[in-house]
Amino acid sequence: MKLIAPPEPAPAGQWSGSRHQQTPVGQCPAGPRENRLNLLAQYALTGVVTGCFLILATIGFSLTRQVEGFLNIAHAEMLGVSAFITWGLNAAAGWPFIPAAVVAIVATAFVGLFIGRVVYDPIRKLGPAVVLISSVGVALVIAGIMHAIIGTGIRTLDVPLATTYKFFGLRITNYQMIVVALAALTGISLALFLNRTKTGLAIRAMSTNPELAASRGIDVRQTSRATWLLSSGLAGLAGVMLALIATLSTDIAFHQILQILAVAILAGLGSLYSVIAAGLIVGIAMDVSVFWIPAGYRPLIAFAVVIIALLVRPEGLSMKRSS
């Protein structure tokens, strides 16, 4: 799926011509120095939005990685599942956006739980490499099912046109502000959940040392189920935001997993705050790079940032070195 970056490019997916104006990018614009600096600041602001979306998309992936001990490549497909459930209920069935979004998030959470219990739990003892390969297969199956049901073509939600606001000469839409606000709210809520609740503390213990957590009386099975529900629900939330700010096609999840992996690698095996910092760094770097280079190279910037950062700090942004 080709990304077209407007003055306020999408964090992911392809911008809808019905809701957003599109302008070509990829070359440093000619004109007064003030105009160029303003455009650079515009890309930086858009990078913050991109980073906030990547935070929503990666938190659940990172949580699964730490608790379950493997890279769940199918996590990105959960974004696609949620996005298309939202589209199906909203645009196809005529539901209002908010009820459609809530149902999509809940449904995605339980789809993730089902896959975790039926597919991953029985083969977990075979090692993380086997589970990783299995997750690739799960991703392909989900993508195939979505393609068979939905078909090809571009889909958009039935929502009002985005309203653009200007602050200090910079533009941001109401939908982009929703992404930023939800990322902040999700980060705060998740931090409180992991530090103040019994289930959250159990998840933290499992992510640190599963054997020790089990010896201390933590119900490993229940904690694993809670992790799948939480991580898949977070993917569902990111998928809803993806449906809101971008056009949808059945291959959309493939483009997300590469960026999710980049953020997760940069964050390392650290805390929630490492994921937040990594998401913002990758998002800003990707969108600011469009000021100088063609937009087609934008996804490569994410991995360029990761490579440079890991050369300087091999453990990533986390305070502890990954094992």
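Numbering (the numbering used here), first residue to last: -11 to 311.
Where a beta carbon is used, it is the ideal one built from N, C-alpha and C, also for glycine.
- Under the criterion of beta carbons closer than 8 Å, L44 and A179 do not qualify as touching, at roughly 14 Å.
- For R105, the secondary structure class from DSSP, reduced to helix, strand or coil, is helix.
- Judged by their CB atoms, A290 and F49 are not nearer to each other than the 9 Å cut-off.
- Cβ neighbours of E65 within its own chain (closer than 7 Å, five residues either side excluded): A127, I130, A131 and A241.
- If you ignore the 5 residues before and after F85, its C-beta comes within less than 7 Å of the C-beta of N78, L145 and V147, all in its own chain and listed in chain order.
- Residue environment for I111: exposed (fewer than 16 other C-beta atoms within 10 angstroms of its C-beta).
- The same chain holds no residue with a CB closer than 6 Å to that of R204 once the five nearest residues on each side in sequence are set aside.
- Out of V99, A202 and V91, the CA that lies nearest to the CA of W216 is found in V99.
- Taking F58 as the centre and dropping the five residues before and after it, the same chain places the C-beta of P116, V119 and L120 closer than 6 Å to its C-beta, in chain order.
- Taking a contact to require three or more Cβ pairs closer than 8 Å, the region 32 to 43 and the region 274 to 288 qualify as touching.
- Residue nearest to N197 within the set V55, L42 and A29 is V55 (criterion: CA-CA distance).
- The C-alpha of A71 is placed about 18 Å away from the C-alpha of A150.
- For the options F41, L101 and A292, the alpha carbon positioned closest to that of Q244 is the one of F41.
- Residue range L158 to T161 is occupied by the beta strand (DSSP E) that includes R159.
- Here A231 really is in contact with W75; their C-beta atoms are around 6 Å apart, less than 8 Å.
- Taking each of I73, L27 and I61 in turn and checking the Cα distance to L225, the smallest one comes out for I73.
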